[in-house]
Each structure stands twice: as structure tokens, then as C-alpha cells.
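Each remark here refers to the structure printed beneath this line.
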Amino acid sequence: MTPKDYHLLLQCIGWNNRTWAVPISQVINKTGVLGRKNIHVLELGAGRVSTLGALFFRNANHVTISYFNQSMHKPVAKRIDKIFPVAGDTDYEKHFAQASVLDLHGVYDVIIMKSVLGGVFRTDQSRQNINTFLEAIVANNLADNGVLITVDNGIPFYARLISRFGARGAHWRYFRPEEFSGAPFQFCFGLIGAFSLKTRLGRFGQLLEDLIHLTDRVLCGIFNKSPTVIASAYVKPAATVTQVKQV
Ligand SMILES: C[S@@+](CC[C@H](N)C(=O)[O-])C[C@H]1O[C@@H](n2cnc3c(N)ncnc32)[C@H](O)[C@@H]1O
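Below is the structure:
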């Protein structure tokens, strides 16, 4: 990822971007998806604060940015225009659509989603095996050599503590890295940070976020059992064609 791409990624993420950018940039670099040309990319569950689809405008020729609720169209389109105002030196097609990860149609070279699965499979509704679910998407909705990237909240070491204080009332599901067992590539980051303090506390919150990020950078390599952000990539292998020699 070039510095220009990294800068764009930070803008795409929106809140607590430096923490989330670490594993996202690693998984993007490892899978090489930004180096592929003429591909069709689908972003699922784009939000008003964060939408990763714009990251692909430079290389893909077809990017579909989808949201779950139609009401999200205007805020998402506005955000995209802010992040990536002009096509400039690129030649891409941008589409907006309503889509659900539970009812996916079409075949794509790259599917990407951030902070979507935790809300779709809330702990009070489902103990769905996430790996089986994602492997079905790989089989049905990825082209050969296609890549599915999902970026999700991990279970922090302080999860029990905050649940005592009434956090997580919405039963958001947090994941363990090994739940994405079929992903050949996975990068994790964060010991403390994942949430946005800037949006809650303004400049003071930003300062705290910066401090937490520095701490995470130092400590994450040592204590990495409970990462706060998990970026996983599933890959669909190209179909192998066996030629049978006629005699
Ligand atoms: C926490 S927000 C994340 C938004 C954005 N991706 C981000 O990282 O800021 C969860 C998003 O998932 C979307 N969502 C909920 N159910 C969904 C589904 N079945 N398929 C796709 N997206 C869904 C919601 O509309 C919401 O925008």
C-alpha cells in the first residue's frame, strides 16, 4: 500500500482510524487486492462514518458500495464525495446499492465489510458458526481468485468489566480470531483501543485515542491473545482444469 493509499484508508475508516488501519492495511497488502486491475468490488454495510469502498476507486473499474438501509444512501454518498471528490487520474464506475450479507446476489472479485457481522449475528440471536457462513459466501459470490475481507471487533481483555457497567446492551457480537478458521490470512491489532473517544469527548477524546494507540503499538506484540480488531481474508482458489489426453 502506497502512502497515498494509506492516507485514503485513514479517511475511509473515519473513527479511531489509526487502530483499524493497522490490520486492514496488512490484510490488503497481503492479499494484493489494491494491485489488481479491472475488478468488481463490493462493500457491504457501508456507514455514514466509515466506508471502505472508496479505497478501490484507484484500481478497480467497478465498485459497488452497498448499505443495508436505503436511508443510508445519502449519508454514504456524501461521505464518499468528501473522501474521494474527483475521479482524477482514475477511471472507475461507482455504484450504490442496497444489499444484505444474508441474501447476497452476484459474483465479485473482492467483497469487503467492516463491523458488519457483529451486528448481523448478535449474541442474543445466534451462535451462528461464522466460518461456515463466510465459506458459503466465498463459494457462491466470489469469482476465481476472489477475496472476501471481513474486519470485526475482537473480544478485549476488559470485556467482562465493561459488561458489568451496562455496556453492550445491544448484544453486539465480538469475535475470537480462531472463529475465522478458514481464512488463510488474518491480522489482528489492538489491546485497548477499538472504539471512538473523539466522537464522544472531542479533542480530549482524540488525545486519549492517540495515547491508547501508542500503548497498543508497544504492547500488542507482547500481549496479543485478545485483539480488539480482527481482519480476516478468505480466498477462492481458481478452478483447476484437468485435461484428459485421448488415446
Ligand atoms: C456498526 S455499523 C458499521 C458501518 C460501517 N461499515 C463502519 O464500519 O462504520 C453496522 C452496519 O451493518 C449494516 N447491516 C446490518 N445488517 C446488515 C446486513 N444484513 N447486511 C449488510 N449490512 C448490514 C448496518 O446497516 C450498519 O451500517
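All you need for the numbering used here is the position in the sequence shown, starting with 1, plus 52.
Cβ atoms here follow ideal geometry from the backbone N, Cα and C, with glycine treated the same way.
Checklist entry - Per DSSP, Lys146 is paired with what? => result For Lys146, which the question treats as bridged, DSSP gives the partners Val115.
| task | Compute the minimum distance between the beta carbon of Gly97 and the heavy atoms of ligand 1, and state whether it is under 6 Å. | result | yes
Does the Cβ of Ser278 lie closer than 6 Å to at least one heavy atom of ligand 1?
-> Judged by the Cβ position, Ser278 fails to qualify as a neighbour of ligand 1 at the 6 Å threshold, every heavy atom of the ligand being at least this far.
Checklist entry - Going by the beta-carbon positions, is the gap between Val168 and Val199 smaller than 7 Å? => result Result no, Cβ atoms of Val168 and Val199 do not sit closer than 7 Å.
- Of the choices Trp67, Pro236 and Gly254, whose alpha-carbon is the least far from that of Ile46? Limits of the chain in this structure are 53 at one end and 299 at the other, which puts residue 46 out of reach.
If you draw a straight line from the alpha carbon of Arg252 to that of Leu260, how long is it in whole angstroms?
-> 11 Å
### Query
When we look at the beta-carbon of Ile274 and count the other beta-carbons within 10 Å, is it buried (16 or more) or exposed?
Only exposed fits Ile274, as fewer than 16 other CB atoms lie within 10 angstroms of its CB.
Apart from the five residues just before and just after Arg174, which ones in its own chain have a Cβ nearer than 8 Å to its Cβ? Ala222, His223, Trp224 and Arg225
Distance, Cα to Cα, Ser102 vs Gln238? Straight-line Cα distance between these residues: approximately 21 Å.
* Relative to ligand 1, is the shortest distance from any of its heavy atoms to the C-beta of Val287 smaller than 6 Å? -> no
- Report the rounded CA-to-CA distance for Asn68 versus Pro289, giving the unit in angstroms. Straight through space, the alpha carbons of Pro289 and Asn68 are spaced by roughly 34 Å.
Q) Since Gln258 is in the beta strand (DSSP E), which residue starts that stretch and which ends it? A) Not the beta strand (DSSP E): Gln258 falls in the alpha helix (DSSP H), residues Lys250 to Leu271.
Taking contact to mean 3 or more Cβ pairs, one atom from each stretch, closer than 8 Å, check whether the segment 281 to 288 and the segment 201 to 209 are in contact. yes
Identify every residue that forms a DSSP beta bridge with Asn205.
Val281
Item checked: Euclidean distance between Cα positions of Asn181 and Arg70 -> 30 Å
query: Does DSSP put Ala198 in a helix, in a strand, or in coil?
result: With the sequence shown as reference, residue 198 is identified as Gly, and Ala is not the correct amino acid for it. Strand at Gly198.
* Asked: Taking one C-beta from the segment 89 to 96 and one from the segment 107 to 114 each time, how about it: are there three or more such pairs within less than 8 Å?
  -> They touch, by the three-pair rule.
Starting from Ile163, follow the alpha helix (DSSP H) in both directions and report where the run begins and ends.
-> It is not in any alpha helix (DSSP H) - Ile163 instead sits in the beta strand (DSSP E) that spans Tyr160 to Lys166.
Q) Exposed or buried, which one is Ser118 when buried takes at least 16 other CB atoms within 10 Å? A) Within 10 angstroms of the beta-carbon of Ser118 lie 16 or more other beta-carbons, which makes it buried.
Applying the 10 Å Cβ sphere with the 16-neighbour rule, what's the burial state of Asp196? exposed
Under the rule that 16 or more other beta-carbon atoms within 10 Å means buried, what is Thr184, buried or exposed?
exposed
TODO: Kindly examine ligand 1 and report whether one of its heavy atoms sits closer than 6 Å to the Cβ of Leu154.
DONE: yes
Checklist line | Buried or exposed (CB count within 10 angstroms, at least 16 for buried), His59 | finding: Within a 10 Å sphere around the beta-carbon of His59 sit fewer than 16 other beta-carbons, which makes this residue exposed.
Checklist entry - How far does the alpha helix (DSSP H) with Val74 in it reach, from first residue to last? => result Asn69 to Thr83
- Message: Between which residues of its own chain and His147 is the CB-CB distance below 6 Å, once the five residues before and five after are set aside?
- Response: Excluding residues within five positions, the ones whose Cβ falls inside 6 Å are Thr116.
In this structure, how does DSSP classify Leu107 when only helix, strand and coil are distinguished? helix
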